[in-house]
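K.L.:
Residue numbers (my numbering): 53 to 181.
Supplied in structure tokens, the structure appears directly below.
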């Protein structure tokens, strides 16, 4: 009985985090070095992949979606995708490796509907200029 209790405790501590657990969530990330120069970036977790929605500057203005081809990988401490993106779940910081340089972003978890609304408001503001 003692061994079963130890085994259950061990398995509950080391149980893997399930891929796709972030599906239905989004991130709004601000460049740490100069938040005013660069606007926020948005990431959505959908069907095990990461989607980056953005306002395309073509006419008419539309929301486009870039889908990263690789599935995202989830651990207890981080979420990684596309070999260069690592989101620290504790600090809510995103690191993006760009060759020899790493860009840092401060992030907030947001609902996908909220991100869609933010981007739609951006389009409306740009259309009134």
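All C-beta atoms, glycine included, are put in the ideal place defined by N, C-alpha and C.
#1: Mind checking residue 119: buried by the 16 CB within 10 Å criterion, or exposed?
#2: By DSSP, does residue 171 sit in helix, in strand, or in coil?
#3: Quick one: what's got a C-beta closer than 8 Å to residue 154's C-beta in the same chain, skipping five residues either side?
#4: What residues in its chain sit with their C-beta under 7 Å from that of residue 114, if we drop five residues either side in the sequence?
#5: Below 8 Å CB to CB, which residues in the same chain sit around residue 73 once its five sequence neighbours on both sides are set aside?
#6: In terms of alpha-carbon separation, which member of 94, 75, 132, 79 lies closest to residue 100?
#7: Quick one: grab the DSSP three-state call for residue 144.
#8: Per DSSP, residue 121 forms a beta bridge with which residues?
#9: Answer with buried or exposed for residue 102, where buried requires no fewer than 16 other C-beta atoms within 10 angstroms of its C-beta.
#10: What number of angstroms, rounded off, separates the C-alpha of residue 104 from the C-alpha of residue 135?
P.N.:
With the given structure in hand:
#1: Exposed.
#2: Assigned with DSSP and collapsed to three states, residue 171 falls in helix.
#3: If we look at residue 154 and ignore the five residues flanking it on each side, its Cβ neighbours are 147, 148.
#4: Excluding positions up to five away in sequence, the list reads 108.
#5: Within its own chain, the residues whose Cβ lies closer than 8 Å to the Cβ of residue 73, once the five positions on either side in sequence are excluded, are 126, listed in chain order.
#6: Comparing Cα-Cα distances from residue 100 to each of 94, 75, 132, 79, the minimum goes to 75.
#7: Residue 144 falls in the coil class under three-state DSSP.
#8: The partner list for residue 121 (beta bridge, DSSP) is empty, contrary to what the question assumes.
#9: Residue 102 should be labelled buried.
#10: Going by C-alpha positions, residue 104 is about 15 Å away from residue 135.
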